[in-house]
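Chains A and B supply the protein sequences, listed in that same order.
With the first letter of the first sequence counted as 1, position 221 gets the number 270 in the working numbering; the numbers rise by one all the way through.
With the first letter of the second sequence counted as 1, position 362 gets the number 411 in the working numbering; the numbers rise by one all the way through.
Idealized CB from N, CA, C, for every residue including glycine.
Predicted model, so just to flag it, every value in this text is computed and none were measured.
Step one of this worksheet: look at the structure below.
Protein chains: 2
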Amino acid sequence: MHSDMRFLLDLVIIILTAGIGTFLCNRYGQPRILGQILAGILIGPSVFGFVNHSNLINNLAEIGVILLMFLAGLETDYSELKKSFERSSVIAIGGIIAPFALGLLGVYLFKENVEISEAIFVGVILTATSLGITVQSLSEIGQLKTKQGVSILGAAIIDDIAGIIILTIVLGVFGQDHTSITMLILKILLFFFVLSIVGEMLAKFILKNSKIIRKIKPIYLLSISLILALLFASFASEFGLAAIIGAYFIGVIISTTQLKSRIVKEISRFGYGFFIPIFFVNIGLGVYLDQVVEYLGIAIIITLIGIFSKIIGSGAGAKLSGFSNRQSLQIGISMVPRAEVSLIIANLGLKTGFIESDIFTSIILLVIVSTILTPLLLKKVYT
Amino acid sequence: MHSDMRFLLDLVIIILTAGIGTFLCNRYGQPRILGQILAGILIGPSVFGFVNHSNLINNLAEIGVILLMFLAGLETDYSELKKSFERSSVIAIGGIIAPFALGLLGVYLFKENVEISEAIFVGVILTATSLGITVQSLSEIGQLKTKQGVSILGAAIIDDIAGIIILTIVLGVFGQDHTSITMLILKILLFFFVLSIVGEMLAKFILKNSKIIRKIKPIYLLSISLILALLFASFASEFGLAAIIGAYFIGVIISTTQLKSRIVKEISRFGYGFFIPIFFVNIGLGVYLDQVVEYLGIAIIITLIGIFSKIIGSGAGAKLSGFSNRQSLQIGISMVPRAEVSLIIANLGLKTGFIESDIFTSIILLVIVSTILTPLLLKKVYT
Chain A
50 MHSDMRFLLD LVIIILTAGI GTFLCNRYGQ PRILGQILAG ILIGPSVFGF
100 VNHSNLINNL AEIGVILLMF LAGLETDYSE LKKSFERSSV IAIGGIIAPF
150 ALGLLGVYLF KENVEISEAI FVGVILTATS LGITVQSLSE IGQLKTKQGV
200 SILGAAIIDD IAGIIILTIV LGVFGQDHTS ITMLILKILL FFFVLSIVGE
250 MLAKFILKNS KIIRKIKPIY LLSISLILAL LFASFASEFG LAAIIGAYFI
300 GVIISTTQLK SRIVKEISRF GYGFFIPIFF VNIGLGVYLD QVVEYLGIAI
350 IITLIGIFSK IIGSGAGAKL SGFSNRQSLQ IGISMVPRAE VSLIIANLGL
400 KTGFIESDIF TSIILLVIVS TILTPLLLKK VYT
Chain B
50 MHSDMRFLLD LVIIILTAGI GTFLCNRYGQ PRILGQILAG ILIGPSVFGF
100 VNHSNLINNL AEIGVILLMF LAGLETDYSE LKKSFERSSV IAIGGIIAPF
150 ALGLLGVYLF KENVEISEAI FVGVILTATS LGITVQSLSE IGQLKTKQGV
200 SILGAAIIDD IAGIIILTIV LGVFGQDHTS ITMLILKILL FFFVLSIVGE
250 MLAKFILKNS KIIRKIKPIY LLSISLILAL LFASFASEFG LAAIIGAYFI
300 GVIISTTQLK SRIVKEISRF GYGFFIPIFF VNIGLGVYLD QVVEYLGIAI
350 IITLIGIFSK IIGSGAGAKL SGFSNRQSLQ IGISMVPRAE VSLIIANLGL
400 KTGFIESDIF TSIILLVIVS TILTPLLLKK VYT
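What follows is the structure, given as structure tokens:
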């Protein structure tokens, strides 16, 4: 009758260790997410094995990253985002070309008996910046709302969308999955079209009915915010995009209304108190250190390529669009994190036989090193 | 890649309809849980079938009822609870004997070709008061902290513990499951022993370190509260008790410290904004109306027995322990709700072949009618 209550203990361990990690990092001036990811690695299969990946934890983590991106959207300056579209695109393109090319080349040179499809697949994996880690890292050093921050966020989003398109192309050319590229791109365009119409209507509605809306009780406001964030997330996901992209843009839309600060307040406590730490701990839970030791050579090579190709590519893009050398370095480093999306694509690659387990393991090392290193490096280059 | 995001839409539908239900009930002076349970029935398999029972929803609902009981514990007057132990026991005993005896007798008389084990099993199912519904119904009319409210809560908890013991006995005598009764009772006693020691230590620790504790940031306080509630819930469940009993008692322990009001504030918004409505909606989701129509005759009989036997039994217990006629009626009605525990036991009975589907269906009708009727009746008899 009560045997399926194991998830309660899992949650206790996650909240407890995430809390301790956050507390220690705050105390010693380190980025919080570092503490939370390390907590996940510690309690996960790599070290103590207290908690396993489970559907429940995955779903709660997904809600966490949706709320994180919704908050990031709420804190984005909409006019700045529009202005930075060109800059963001150049940064994104640089941050796609360099990792793709260098990843492909690196695997081709350093791995024995490699097939071209495997090398290309690694290229695809290396293009995917982790929006969640980037957002949180920038937010912790107060750089999310600056001109640079907005350009980085825009670039990471374009990078994410381009990544999905490239992945679909690769799967279409080499694999079984012949999803039509035209259809996918049409769906993505349709998503942004519907989003802009619904968004404009919603923003107008809120502005017009400001008197009634001011009276909405906090608890209803929390419900309404959750509904919007989750609805647009699920909507984006239906249209072939990442769920977090939908949550981000509905956040941007609401950021233009007077509801912004109240919703930020409601969702912050709610998200940061439970769901968002679970997202970061869950990244740690997905890490299997023992495999890394087995393929250390190739893992180190791919990790180095993954990190430097992003810094070089995005950095060059930033430089091209007019940022200073120092700023371009900051932007390049901000784009380094690889996490959930890389793991998902790598998993897919392993299952479909595109990549072998040495490559999969290398991606895991890249995830660990890049997620741990980025917030630390960012703190350095911003001070 | 994004095909498993269906849960987001399920959550949107649940939060949206629960919000509408709550809003309408508030507006027309009806109890909130009514709106939430009806929302669940509407979106569940009985009517529109938008949302199905799922593991995720079940787990979130479990967290919801844990937070609800934790809050109930926090709002309980500890000295009043101790004082009311005797009264609560008498009410609980009355509320166990009458439903058990009348349930057994009713099924034996009104169902054809009935086996004695089936009649006894129905008796067991009818003893289980739903703590969650009772707590919320009392809380909505401001009667949770009164002398009567505390007696009712105590009785419902004793009822729950006794129910688990009786179920174990019945399964031991008639079924395959020969869990030792002595072991179970020892484990339950051990739970309360450990709880009282840990509780006393915790309360002393909080009182002694009040200066440090006053400085804890709200977000850490939320984490600490969640950890305590979920930990003791999982602890109770390990000891063979319902998880909510652990959450309730750790709430009672904290209610004696100066942290009480701060924790109530943190957990209220968090619980009522998301998890607790999911618990009530989920009860509605568990209801299959179409089956009820098929066995309407026996279902009505068992529902009437279920409702009146509790009012009579608990009411008589209340009268015996010195309450007035009116108060005894109020107490009797408060003990009427049957929900998650009855459904779980009925499910178990159906799976193990103790009861047939006509009986299972009858319990569903009892759950619907009693959960909808109780808050309405309570509002009447309290005003």
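* In chain B, which residues lie with their C-beta within 8 angstroms of the C-beta of ILE268 of chain A? -> ARG318, TYR321 and GLY322
* Per DSSP, what kind of secondary structure is GLU405 of chain A in: helix, strand or coil? -> coil
* To do: Write down every uninterrupted run of the alpha helix (DSSP H) in the region 330 to 413 of chain A whose length is 4 residues or greater and which is fully enclosed by it, in chain order.
  => 338 to 343, 345 to 369, 374 to 383 and 389 to 400
* Asked: Would HIS51 of chain B count as contacting chain A if we go by Cβ distances under 7 angstroms?
  -> Confidence in HIS51 of chain B is poor, its pLDDT being 45 and thus under 50, which makes the residue's placement unreliable; the coordinate value appears in the next sentence. Answer yes: the Cβ-Cβ gap between HIS51 of chain B and chain A drops below 7 angstroms somewhere.
* Endpoints, alpha helix (DSSP H) assigned at PRO148 of chain A -> Boundaries of the alpha helix (DSSP H) harbouring PRO148 of chain A: 134 to 159, taken from the DSSP string.
* **Stretch pair the region 147 to 155 of chain B + the region 351 to 364 of chain B: three plus CB contacts closer than 8 angstroms** => Short answer: they touch.
* Go ahead and label MET384 of chain B buried or exposed: buried means 16 or more other beta carbons lie within 10 angstroms of its beta carbon, across all protein chains shown. => With 16 or more Cβ atoms within 10 Å of its Cβ, MET384 of chain B is classed as buried.
* Where does GLN85 of chain A sit, in a helix, a strand or coil, going by DSSP? -> helix
* Asked: Within 7 angstroms (strictly less), CB to CB, does GLY221 of chain B reach chain A?
  -> no
* Entirely enclosed alpha helix (DSSP H) segments - the region 237 to 277 of chain B, minimum 4 residues -> 259 to 263
* **Cβ neighbour criterion (16 or more within 10 Å) applied to SER406 of chain B** => exposed
* Asked: Does the beta-carbon distance from ASP208 of chain B to ALA291 of chain B come in below 7 angstroms?
  -> No, they are not a contact pair.
* Can you tell me which of B:VAL219, B:LYS131 and B:ALA367 puts its alpha carbon nearest to the alpha carbon of VAL301 of chain B? => Of all alpha-carbon atoms in B:VAL219, B:LYS131 and B:ALA367, the one lying nearest the alpha-carbon of VAL301 of chain B is that of B:LYS131.
* Where does SER186 of chain A land, buried or exposed, given buried means 16+ other C-beta within 10 angstroms? -> buried
* Under 7 angstroms, do ILE404 of chain B and GLU167 of chain B count as touching if we go by C-beta distance? -> yes
* To do: Only counting runs of 4 or more residues, tell me where the alpha helix (DSSP H) segments fall wholly within the region 292 to 316 of chain B, in order along the chain.
  => 292 to 304
* Whose C-beta lies closer than 7 angstroms to the C-beta of GLY289 of chain A among residues of the same chain, with five residues either side of it excluded? -> ILE213, LEU233, LYS236 and ILE237
* Indicate whether THR410 of chain A and GLN340 of chain A have their beta-carbon atoms separated by less than 7 angstroms. => yes
* To do: Could you check the C-alpha separation between THR195 of chain B and LEU123 of chain B for me, to the nearest Å?
  => 14 angstroms
* Validate contact between the region 322 to 338 of chain A and the region 127 to 142 of chain A using beta carbons, cut 8 angstroms, 3 pairs -> No, they do not touch.
* Asked: In chain order, what residues of the same chain have a beta carbon less than 6 angstroms from the beta carbon of LYS368 of chain B, not counting five sequence neighbours either side?
  -> SER377
* Go ahead and label ARG375 of chain A buried or exposed: buried means 16 or more other beta carbons lie within 10 angstroms of its beta carbon, across all protein chains shown. => exposed
* Does the Cβ of GLU249 of chain B have 16 or more other Cβ atoms within 10 Å, making it buried, or fewer, making it exposed? -> Exposed, because fewer than 16 other Cβ atoms sit within 10 Å of the Cβ of GLU249 of chain B.
* To do: Give the straight-line distance between the Cα atoms of ILE265 of chain A and GLY78 of chain B, rounded to the nearest whole angstrom.
  => 18 angstroms
* Asked: Can you name the start and end residues of the alpha helix (DSSP H) that SER200 of chain B belongs to?
  -> 196 to 223
* Please find out if some non-hydrogen atom of the ligand MG comes closer than 6 angstroms to the beta-carbon of GLU167 of chain A. => Absence of the ligand MG from the depicted structure is noted, as is the absence of any ligand whatsoever, leaving it without description.
* Could you name the residues of chain B that ASN108 of chain A contacts, counting a contact when the two beta carbons are closer than 8 angstroms? => PHE56 and LEU105
* Taking DSSP as the reference, what is the three-state secondary structure of GLY98 of chain B? -> coil
* Below 8 angstroms on the Cβ atoms is my guess for VAL173 of chain A versus ILE106 of chain A; work out the distance and round it to an integer in Å. => The pair is not a contact, with the Cβ atoms about 27 angstroms apart (cut-off 8 angstroms).
* Asked: At a CB-CB cut-off below 7 angstroms, which residues of chain B make contact with LEU60 of chain A?
  -> LEU279
* To do: Between the Cα of ALA348 of chain A and those of A:GLN197, A:ILE69 and A:VAL171, spot the shortest distance and give me the residue it belongs to.
  => The closest CA to that of ALA348 of chain A, considering only A:GLN197, A:ILE69 and A:VAL171, is found on A:VAL171.
* For ARG76 of chain A, is the classification buried or exposed, using 16 other Cβ atoms within 10 angstroms of its Cβ as the cut-off for buried? -> exposed
* With DSSP collapsed to three states, give me the class of TYR127 of chain A. => The answer is helix: DSSP assigns TYR127 of chain A an H, G or I state.
* Asked: Between which two residues does the alpha helix (DSSP H) carrying ALA168 of chain B extend?
  -> 165 to 176 is the span of the alpha helix (DSSP H), which, as asked, contains ALA168 of chain B.
* **Best match in A:PHE281, A:ALA285 and A:PHE319 for proximity to PRO267 of chain A [C-alpha to C-alpha]** => Per the Cα distances, A:PHE319.
* Asked: Is the number of C-beta pairs between the region 85 to 99 of chain A and the region 87 to 101 of chain B that are closer than 8 angstroms three or more?
  -> no
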